[in-house]
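For what it's worth, this note's numbering labels the leading residue of the sequence shown as 1, then goes sequentially.
Cβ atoms here follow ideal geometry from the backbone N, Cα and C, with glycine treated the same way.
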Amino acid sequence: MNIAVTTTTVFIIIIIVVIIIIIIVIIIIIIIIIIIIIIITTHLGSSITALSISAVGILIMHMWRVNFSWVSRILRRFRDTHYTAVLRSRSSGSRKT
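Rendered as structure tokens:
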């Protein structure tokens, strides 16, 4: 009984830690997106912001690939939805100008 209890508690602790890490990363990504939106609104340099977004994306992907390859799969789903929305809004904005 003790072995089963300890494994479940360890598993629960691991899940809680992973959830906390994912939440922290999502908050960091949201902060980065907000900063990029501020840069777009202030400078309107679409090529520079596109480069910065791609650089940040590559950095995040590289960091997560090195540390947690399986967490990066979950994060990639979140990031892909964010990127498609950002890219769609930027492409429509650049066409207007």
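What does the Cβ neighbour count give for residue i, buried or exposed, with the cut at 16 atoms within 10 Å?
i	result
Val-5	exposed
Ile-20	exposed
Val-17	exposed
Lys-96	Below a pLDDT of 50, predicted positions are generally treated as unreliable, and Lys-96, at 47, falls in that range; no measurement from the model is reported.
Considering Cα atoms alone, identify which of the options is closest to residue i.
i	options	result
Ile-35	Phe-11, Val-56, Ile-15 and Ile-3	Val-56
Ile-60	Ile-15, Ile-28 and Ile-14	Ile-28
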